[in-house]
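With our numbering applied, the sequence shown covers 659 to 999.
Contents: one structure, followed by commentary.
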Amino acid sequence: MKKMMQAIQVPAPGAPFVLASLPVPEPSTDEVLIKVEACGICHGDALALEGNYPGLTYPVIPGHEVIGTIVEMGSLAASFWRSGQRVGVGWHGGHCGQCASCRRGDFWHCEHVRTTGLSRNGGYAEYLVAPSNVLVEIPAGIPSREGAPLLCAGNTVYAALKKSGAQGGDLVGIVGLGGLGHLAVQIARNLGFRTVALTRGKEKADLAKRLGAHHVIDTGGEAAASDLRNLGGARFMLCTAPNSRLIADLLPGLSRGGKMTVVSFSRGMIEIPHALLLGDAITLQGTAGGHMEEALSFCEMAGILPMVEEFPLSGAPEAFRRMMEAKVHFRAVLTMGGAHA
Ligand SMILES: [Zn+2]
Ligand SMILES: [Zn+2]
């Protein structure tokens, strides 16, 4: 008889999550079977419900912040990985290795790219099969539960800050203090930036300071950009808040030649005066991806972990709803039992 597992599936576009009992998948020659310990819940998982993501077919198991241990391997995978090894799987779920992008070494833009939890099954499950060439090694000092959100949330903000062009001592603003922002403040501080947390209201000011912010600015009023200019203007701002209006309002807070990177998703439009772009020579850009093992290693070195709310696999619907309503402090993580401490 086939070994069975519990998993959360999206059966069809827009349909609610279903807890299903499914056969444990079998790895092919270049794949590994992972016993999942923890899987973070990310805004990107909402795409599994929308139904128009390239390559998405139903039913699908969401989840792209996965940490677990290898329990079975194909013969090719066994040359590089070993049974019992703790590994992670992030957003990038596979590439062909043959197309023009892959031949340039740009696997992220592979013409046949697979996305974990969207165009192949993800980690809202007790077991997951993944190609061995997308795995990352999890450092010993990173626990599975808190480590899972580092694979997408942590990696995204780390990569944006690392590529920001800012240097030690530069004024760097982190906009929003949720799942992404509370990691970004810790990383910015540890990269040596003069770190400003920009958050609505006063209730998160103490938290921002505890996480390492040198300054806290309330974005609820009209004065946030001028408050930043009074500190000398931000060399770089990382926007983790999905608020187009706020992005436009804060841009004048950049120093001349400064840059803002947006990592939050919204369907809104950002309105920017030409005079600001040209007069102050500012840059506005988006980003995704990054080097996950570098981000994990940095977080281990600096002792950076997210604050998480833990849910059992069967609690995925509630965890997802709380995440969508921005009620989670600060990342929701599913644990499958037996998680590495
Ligand atoms: Zn994500
Ligand atoms: Zn390719």
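A virtual CB, placed ideally from N, CA and C, is assigned to each residue, including glycine.
- Message: Give me the pocket residues for ligand 2, defined as CB within less than 5 Å of any heavy atom, sorted by chain position.
- Response: His753, Cys754, Cys757, Cys760, Cys768
- Among Ala990, Cys810, Trp739, Gly834, which has the Cα closest to the Cα of Lys860? Gly834
- Item | Within 7 Å of ligand 1: residues by beta-carbon to any heavy atom | Cys700, His701, Gly702, His722, Glu723, Trp749, Cys810, Ala811
- Message: So, with DSSP's three-state summary, where would you put Met994?
- Response: The answer is coil: DSSP assigns Met994 none of H, G, I, E or B.
- Nearest neighbour of Leu786, chosen from Gly948, Met918, Ala665 [CA to CA]: Ala665
- Item | Cβ separation of Gly751 and Ala798, assumed to be a contact under 8 Å, to the nearest whole Å | In fact, because the Cβ distance is near 25 Å, the residues do not count as touching under 8 Å.
- Message: Counting beta carbon pairs with one atom in the stretch 953-967 and one in the stretch 809-818, are three or more of them shorter than 8 Å?
- Response: yes
- Message: Among the candidates Glu769, Glu795, Cys760, whose CA atom is the shortest distance from the CA of Gly1007?
- Response: No statement about residue 1007 is possible, as the shown extent of the chain runs from 659 to 999 and does not include it.
- Taking the runs of the alpha helix (DSSP H) that are 4 residues or longer, which of them lie wholly in the stretch 840-876? Entirely contained in the stretch 840-876, the alpha helix (DSSP H) runs reaching 4 residues are, in chain order, 863-869.
- Query: Run through DSSP, which three-state label would Leu819 get?
  - Reply: helix
- Task: Go ahead and label Lys1003 buried or exposed: buried means 16 or more other beta carbons lie within 10 angstroms of its beta carbon, across all protein chains shown.
- Result: The chain is shown from 659 up to 999; residue 1003 falls before or after that span and cannot be answered.
- Query: From which residue to which residue does the beta strand (DSSP E) around Arg980 run?
  - Reply: Premise fails: Arg980 lies in the alpha helix (DSSP H), 974-982, not in any beta strand (DSSP E).
- Message: To the nearest angstrom, how far is the alpha carbon of Ala997 from that of Ser759?
- Response: At Ala997 the pLDDT is 45, less than 50, meaning the model places this residue with poor confidence; the figure from the coordinates comes in the next sentence. Distance between the alpha carbons of Ala997 and Ser759 is about 37 Å.
- Are the beta-carbon atoms belonging to Val745 and Leu691 less than 7 Å from one another? no
- Counting along the chain, where does the alpha helix (DSSP H) carrying Ile725 start and finish? Here Ile725 belongs to no alpha helix (DSSP H); instead the beta strand (DSSP E) covers 724-731.
- Nearest-angstrom Cα separation, counted from Phe851 out to Cys897: 16 Å
- Message: Going by the DSSP bridge assignment, what does His949 pair with across the sheet?
- Response: According to DSSP, which records beta bridges pairwise, His949 is partnered with nothing at all.
- Query: So, are the CB atoms of Ser902 and Gly878 less than 7 Å apart?
  - Reply: no
- Message: Closest to His767 by C-alpha separation, out of Glu976, Ala946, Pro964, would be which residue?
- Response: Ala946
- Message: Counting only beta-carbon separations shorter than 7 Å, does Lys917 have a partner in chain D?
- Response: You won't find chain D in this structure, because it holds only one protein chain.
- What does a CB cutoff of less than 6 Å around Ser822 pick up in its chain, not counting 5 residues either side in sequence? Phe894
- Task: Give me the Cα-Cα distance between Ser686 and Leu909, rounded to the nearest whole angstrom.
- Result: 49 Å
- Task: Go to Cys760, then tell me how far its beta strand (DSSP E) extends in each direction, as first and last residue.
- Result: Here Cys760 belongs to no beta strand (DSSP E); instead the alpha helix (DSSP H) covers 758-761.
- With a Cβ-Cβ cutoff of 7 Å, do Ile875 and Asp864 count as a contact? If you check the CB distance, Ile875 and Asp864 do not come in under 7 Å.
- Counting only runs of 3+ residues fully inside the stretch 888-920, write out the beta strand (DSSP E) ranges in chain order. Segments of the beta strand (DSSP E) lying fully in the stretch 888-920: 892-897, 912-920.
- Task: On the DSSP bridge assignment, give the partners of Cys697 in chain order.
- Result: Val724, Leu992
- Task: With Glu968 as the anchor, note down where its beta strand (DSSP E) starts and where it stops.
- Result: 966-970
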